[in-house]
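I have placed the structure first, in the form of structure tokens, so that the comments after it can refer back to it.
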Amino acid sequence: MKDVRGLLAGELAGELAAPMRGLRDRLALLVDHLDRYVASSTGPTPYPWVALQGLRHELGDAYLEATLLVRQLDDVQLVLSPPAGGAAQVDCAHEVEVALNLLAMKQAGVELLADVGATPPVQAAPGALALVVTRLLFLCAQSAHGVAGAAISVRTFVEGGAVCVTVADSGQGMELPSSERAALVALLAQWSGTLDGVVTPGRGCSFVLHLTPA
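The sequence shown runs 832 to 1045 under the working numbering.
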């Protein structure tokens, strides 16, 4: 699993760098704007009302961007941290939501269809299950980006006594490297779970996680 975490760490760091630079540049412009106002002011004159509204709007947008980045950084820490213990009761929907939040960094231009319904708790390790789903989502994102109009779909449901998570796309289809697949299968086996996957060139990828209710 170290290889999978290492691969994701590189991808996530690259995806986070651009919005963080954008936020830095936006704040730098705001500081420069205020510096210019202070430098040209001849005394304690009130800041123009109209300009103040624009400034508040810019600061509000920067705050929302920072909030999103903090959440994504928290989720990155969760999925990249080694499990603290063995299998436990895990909220499957929450783990999938974490993965979907991280997918937002790579999803630009690709439609997402998500049906994350309520399911029983499953046997898994917090963060590690999100890591598995994130890796599959990133693979599907790569596949979908190769085809105009392609979409990614995610669904959670209960079937045959198992909690299932499907991750699929309608893109060009990309194989999960054998070493990564083996690592994910071995991890799921620790929780009595399985991974099935089909890749059809020109039609996309389809993966199904079968998880054991806790």
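Cβ coordinates follow ideal geometry from the N, Cα and C atoms, glycine included.
If we ignore side chains and look at the alpha-carbon of each, how far apart do residue i and residue j end up?
| i | j | result |
| --- | --- | --- |
| residue 1034 | residue 868 | 57 Å |
| residue 968 | residue 887 | 36 Å |
| residue 1008 | residue 978 | 21 Å |
| residue 1026 | residue 896 | 35 Å |
| residue 1014 | residue 1039 | 16 Å |
Could you check what DSSP says for residue i in three-state terms: helix, strand or coil?
| i | result |
| --- | --- |
| residue 974 | helix |
| residue 980 | coil |
| residue 1026 | strand |
| residue 849 | helix |
| residue 955 | strand |
So who's on the other strand from residue i, going by DSSP bridges?
| i | result |
| --- | --- |
| residue 1042 | 994 |
| residue 906 | Its beta-bridge partners do not exist; DSSP assigns none. |
| residue 1031 | 1035 |
| residue 1000 | 983 |
| residue 989 | 994 |
Going by CA-CA distance only, name the one from the options that's closest to residue i.
| i | options | result |
| --- | --- | --- |
| residue 1023 | 973, 1041, 947 | 1041 |
| residue 961 | 996, 946, 989 | 996 |
| residue 922 | 956, 851, 935, 908 | 956 |
| residue 953 | 855, 988, 971 | 988 |
| residue 950 | 992, 998, 965, 875 | 992 |
| residue 1030 | 1045, 1006, 966 | 1006 |
Check whether chain B comes within 8 Å of residue i, counting only Cβ atoms and requiring the distance to be less than that.
| i | result |
| --- | --- |
| residue 882 | The chain inventory of the structure shown lacks chain B, comprising one protein chain alone. |
(request) Jot down the residue ranges of each uninterrupted alpha helix (DSSP H) in the region 917 to 953, minimum 4 residues, whole runs only, in chain order. (result) 923 to 934
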